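**Student:** Sharing a structure with you now.
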Amino acid sequence: MFSTRPIYFRVAPVTSLEQADGELIARVKRRDSQALEVLYDRYAAQAMGIALKIVRENGAAEEIVQEAFWRVWKSAESYDASRGAVTYWLFGIVRNLAIDELRHRAARPVNLDGDENDQGALEIPDGAPDVSEVAWNQWQAEQIDKAVTQLPDAQRQVIQLAYFQGLTRVEIAERLGEPPGTIHTRARLALQKLRTVLAPLGLED
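For the sequence shown, my numbering assigns the number 13 to the initial residue and increments by one for each residue that follows.
Here you go:
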């Protein structure tokens with residue numbers, strides 16, 4: 013899960029974008045629909061990409077994104093800034109919904125007796141994971157999330173946001189006003205700590 017290959021971190025600027033996102037969520041908590049629209053415009057495409065990688069169907073991915081932003085609207089009060097950036101929370105919702113979709117597909121009953129034109133028959137797509145695989149993947153994600161939240165703030169910041177933007181280490185350093193070496197060191201220390209926590213769970217790869 014954590015390779016030794018060169019790492020290209022994906023980090024958003026903390027002093028600008030993160031702060032702006034936090035302000036938008038505060039407005040959503042006050043039932044400001046325009047704030048939700050701004051969040052949607054800002055992150056819907058990335059959310060779609062995450063959902064599509066998991067469910068591999070455009071229609072299902074679109075429904076997941078819509079549901080995710082609806083949950084943001086309904087449950088904005090549950091957002092806890094101390095546990096990570098808004099994007100970390102939002103994309104976690106997307107990921108969990110996508111995993112749930114896979115679980116529902118895998119558990120869907122199949123009519124083995126009707127003919128192939130029977131409208132009641134349900135076809136499971138080729139390559140669909142079984143329930144145990146989906147549950148394992150979800151458990152892995154939960155354990156990684158827990159491990160990340162235990163990191164020191166500066167290290168957690170790099171690791172959390174690494175999955176949601178496409179910046180190189182140099183670009184991250186420019187955005188954060190830090191030397192590239194500092195970003196590299198934070199990431200290296202964070203990965204070492206994550207391996208220590210996750211290795212006993214069989215998640216060290």
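Don't be surprised by glycine CBs; every beta carbon is placed ideally from N, CA and C.
Given the structure is predicted, the values throughout are model-derived calculations rather than measurements.
Can you tell me the Cα-Cα spacing of Thr197 and Ala47, whole angstroms?
**Tutor:** The residue labelled residue 197 in the question sits at position 185 within the sequence shown. The residue labelled residue 47 in the question sits at position 35 within the sequence shown. Looking at the two C-alpha atoms, the distance is approximately 36 Å.
**Student:** Do Gln109 and Ile76 have their C-beta atoms closer together than 9 Å?
**Tutor:** Start at 1 with the first residue of the sequence shown, and residue 109 comes out as number 97. Start at 1 with the first residue of the sequence shown, and residue 76 comes out as number 64. The displayed chain sequence assigns Leu, not Gln, to residue 109. The Cβ atoms of Leu109 and Ile76 sit closer than 9 Å to each other.
**Student:** Going by C-alpha distance, which of Lys65, Arg43, Glu69 and His116 is nearest Arg83?
**Tutor:** As a first step, residue 83 must be located in the sequence shown, where it is residue number 71. For Arg83, the nearest C-alpha among the options comes from Arg43.
**Student:** Give the DSSP-derived three-state secondary structure of Ala133 in the structure shown.
**Tutor:** Along the sequence shown, one-based indexing puts residue 133 at 121. Note that Ala133 has pLDDT 43, beneath the 50 cutoff, so the model's placement of it is unreliable and the number below is only indicative. Three-state DSSP puts Ala133 in coil, outside helix and strand.
**Student:** Go through its chain and collect everything with a Cβ distance to Val26's Cβ below 7 Å, but skip five positions before and after it.
**Tutor:** As a position in the sequence shown, residue 26 is number 14, starting the count at 1. Its pLDDT being 45, under 50, Val26 is placed unreliably by the model, and the measurement read from it follows with that caveat. If we look at Val26 and ignore the five residues flanking it on each side, its Cβ neighbours are Gln169 and Leu188.
**Student:** Report the three-state DSSP secondary structure of Val209 (helix, strand or coil).
**Tutor:** Position 197 of the sequence shown, counted from the first residue, corresponds to residue 209. Secondary structure at Val209: helix, using DSSP grouped into helix, strand and coil.
**Student:** Considering only residues of the same chain and omitting the five flanking positions on each side of Trp101, which have a CB-CB separation below 7 Å?
**Tutor:** For the purposes of this step, residue 101 is identified with residue 89 of the sequence shown, where counting begins at 1. Cβ neighbours of Trp101 beyond the five flanking positions: Tyr91.
**Student:** What residue range does the alpha helix (DSSP H) around Tyr52 cover?
**Tutor:** Start at 1 with the first residue of the sequence shown, and residue 52 comes out as number 40. Residues Ser45 to Val67.
**Student:** Under a Cβ-count criterion, where at least 16 other Cβ atoms within 10 Å of its own Cβ denotes burial, should Val182 be classed as buried or exposed?
**Tutor:** As a position in the sequence shown, residue 182 is number 170, starting the count at 1. Around the beta carbon of Val182, fewer than 16 other beta carbons sit within 10 angstroms, so the residue counts as exposed.
**Student:** Go through its chain and collect everything with a Cβ distance to Pro191's Cβ below 7 Å, but skip five positions before and after it.
**Tutor:** Taking the sequence shown and counting its residues from 1, the one referred to as residue 191 is at position 179. Closer than 7 Å at the Cβ level, and outside the excluded window around Pro191, lie Ala185.
**Student:** Just to confirm my understanding: we take Ala73, look at its own chain, exclude 5 residues before and 5 after, and list those with CB closer than 6 Å. What are they?
**Tutor:** Against the sequence shown, residue 73 aligns to sequence position 61. Result list for Ala73: Met60, Ala63, Leu64 and Val67, in chain order.
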